[in-house]
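**Student:**
There are 2 protein chains.
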Amino acid sequence: MPPARSRRGGSLQAEMGQRRPFRSKRQEAAVALLRTASVVTRAFARLVEPSELSWPQYNALRIVRGAGSGGIATLTIRERMIDEGTTITRLLDKLEAAGLIRRERSRPDRRQVLCFVTPEGRRLLDGLDPKVDALDEEVTAELSETRLTAFIDMLDDIRQANAGRGAPRHTVRAEV
Amino acid sequence: MPPARSRRGGSLQAEMGQRRPFRSKRQEAAVALLRTASVVTRAFARLVEPSELSWPQYNALRIVRGAGSGGIATLTIRERMIDEGTTITRLLDKLEAAGLIRRERSRPDRRQVLCFVTPEGRRLLDGLDPKVDALDEEVTAELSETRLTAFIDMLDDIRQANAGRGAPRHTVRAEV
DNA sequence: GGCAATTAGTTATCATGGCAACGATTGTTA
DNA sequence: TAACAATCGTTGCCATGATAACTAATTGCC
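Protein chains in written order, with this note's numbering: chain W, 6 to 181; chain F, 6 to 181.
(1) Can you give me the start and stop residues for the alpha helix (DSSP H) that Glu84/F sits inside?
(2) Would Val118/F and Ala78/F qualify as a contact pair, given that the criterion is a beta-carbon distance under 8 Å?
(3) Under three-state DSSP, which class holds Arg107/F?
(4) Three-state secondary structure (DSSP) at Phe27/W?
(5) Rounded to whole angstroms, what is the Cα-Cα separation between Asp138/F and Arg108/F?
(6) Within 8 Å of any Cβ in chain F, is that where the Cβ of Asp161/W sits?
(7) Distance cutoff 8 Å, beta carbons only. Does Phe121/W sit that close to anything in chain F?
(8) Since I believe Ile87/F is in contact with Ser43/W (beta carbons under 8 Å), could you give me their beta-carbon distance rounded to a whole number of angstroms?
(9) For Leu80/W, does the count of other Cβ atoms within 10 angstroms reach 16, so buried, or fall short, so exposed?
(10) Quick check on Lys30/W: buried or exposed, where buried means 16 or more other Cβ atoms within 10 Å of its Cβ?
(11) Helix, strand or coil: which one does DSSP assign to Leu100/F?
(12) Suppose you measure from the CA of Thr176/F to the CA of Glu89/F; what does that come to, to the nearest Å?
(13) In terms of alpha-carbon separation, which member of Val45/W, Leu66/W and Leu52/W lies closest to Arg128/W?
(14) DSSP state of Leu148/W, grouped into three classes?
(15) Output needed for Ala155/F: all residues of its chain with C-beta closer than 8 Å, excluding positions within five of it in sequence on either side, in chain order.
(16) Is DSSP giving Leu58/W helix, strand or coil here?
(17) Give me the Cα-Cα distance between Leu38/F and Arg95/F, rounded to the nearest whole angstrom.
(18) List, in order along the chain, the chain W residues whose C-beta lies closer than 9 Å to that of Leu133/F?
(19) Using a cut-off of 9 Å between C-beta atoms, extract the partners of Leu39/W located in chain F.
(20) Any beta carbon from chain F within less than 8 Å of Val144/W's own beta carbon?
(21) With distances taken from CA atoms, which of Leu52/W, Glu33/W and Ala19/W is nearest Thr145/F?
(22) Leaving out the 5 sequence neighbours to the left and right, which residues in its chain are closer than 8 Å to Arg70/F when beta-carbon positions are compared?
(23) Which residues in the same chain as Leu153/F place their Cβ atom closer than 7 Å to its Cβ, once the five residues preceding and following it in sequence are excluded?
(24) For chain F, check one thing: does any of its Cβ atoms lie closer than 8 Å to the Cβ of Pro26/W?
(25) Quick check: the Cα distance between Ala103/F and Arg116/W, rounded to an integer number of angstroms?
(26) Who are the neighbours of Ser29/W on chain F, taking C-beta pairs under 9 Å?
(27) Can you list, in chain order, the residues of its chain with a C-beta nearer than 8 Å to that of Thr46/W? Leave out the 5 residues immediately preceding and following it.
(28) Report the option in Leu52/W, Cys120/W and Thr41/W whose CA atom is closest to the CA atom of Arg112/W.
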């Protein structure tokens, strides 16, 4: 039998202490999306917090590790971040100050600054991997394989449909 | 025929310029959730930006309006915010300075500070309503009614399963 | 009555997110 | 080759998000 939260009313409304129902189901969906993301983000932040890393810092560090020995340019990191609006420079400054990454002007194109993980950075991430991987699984553990696939597809659809409306300003500039 | 993004590969991977596929579908789902929310949040922020309101400010103002003539206590507003971690005081300071809300010490319980919308605040919101309502609908316009229902249910499930891990610290205190 | 525990808000501190402006470098082209 | 444009990154400014410490008011309990 379905749990109490499937009553129409619904769970979000009760959660947020609202007296009035949502104006429409689509409005409820929008709010649910944002609120759920807020909760999940905090869960990840809590996980990396003991390592003295903020969630965005962890995100950036992981991207740098993923780039391998060739390094990766600053703005490329920003593009791959979950929040692509971030001011990446200061974030990398902290990672560099903590000895987790190393920066170096690119050889042919001196405009670029390439980033590399240091052994310490790699060690830190490697230690965190099991926990993060576990949380990745736990977040959607409630969803069956079938629902999970549908969930990803719906998110992809929503993201694509709203890409124009929600792109950070610096990525839109190219369209002018 | 399904659009290109349904190819396994997948759309998110291409979007973020990743060379390697996700470790698992559940990891992909977690990242898709966070990234989608980021895009949608920006879309709403863009919408209220011309009114000199940040997205959280709009959110708070709307909650105050929803409370009606009885007013609403400061911390109650925070509970109902999409991001319940916010430092609400400064946000309300701005709204008050802009003349959109009015604050007043509660009568019987002088610890509380009740907030009320001013006529200007109401006017501003009323003018914004059509646009916000429209965006609420547009965000998930790609989803059929059936998928929409499933979407909301999945988000509710995820949120409930992660409530403990992702609650802001001040709400957890009660459990100690 | 009197005092500890609670509750409501405020404030301080630090890190991020959003934006615009700037400097440095490279590419283009008249 | 001398402007000019585009690209890459950095920096400044302001607003938010996360937490903890702190004040004030109220409640409970003896």
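Cβ atoms here follow ideal geometry from the backbone N, Cα and C, with glycine treated the same way.
**Tutor:** Taking the structure as given:
(1) Thr79 to Arg85
(2) yes
(3) Here Arg107/F sits in strand by DSSP.
(4) In the displayed model, Phe27/W falls within coil according to three-state DSSP, outside both helix and strand.
(5) 28 Å
(6) yes
(7) no
(8) 6 Å
(9) exposed
(10) buried
(11) Three-state result, Leu100/F: helix.
(12) 9 Å
(13) That would be Leu66/W, whose Cα lies nearest to the Cα of Arg128/W.
(14) coil
(15) none
(16) coil
(17) Rounded to the nearest angstrom, the two C-alpha atoms are 29 Å apart.
(18) The premise fails here: Leu133/F is roughly 14 Å from chain W at the closest Cβ pair, so nothing lies under 9 Å.
(19) Ala42, Val45, Thr46, Phe49, Ile87 and Asp88
(20) Interface residue, yes.
(21) Thr145/F has its Cα closest to that of Glu33/W, out of Leu52/W, Glu33/W and Ala19/W.
(22) Val122, Gly126, Arg127 and Leu130
(23) Thr145
(24) no
(25) 43 Å
(26) Asp138, Asp141 and Glu142
(27) Excluding residues within five positions, the ones whose Cβ falls inside 8 Å are Trp60.
(28) Cys120/W
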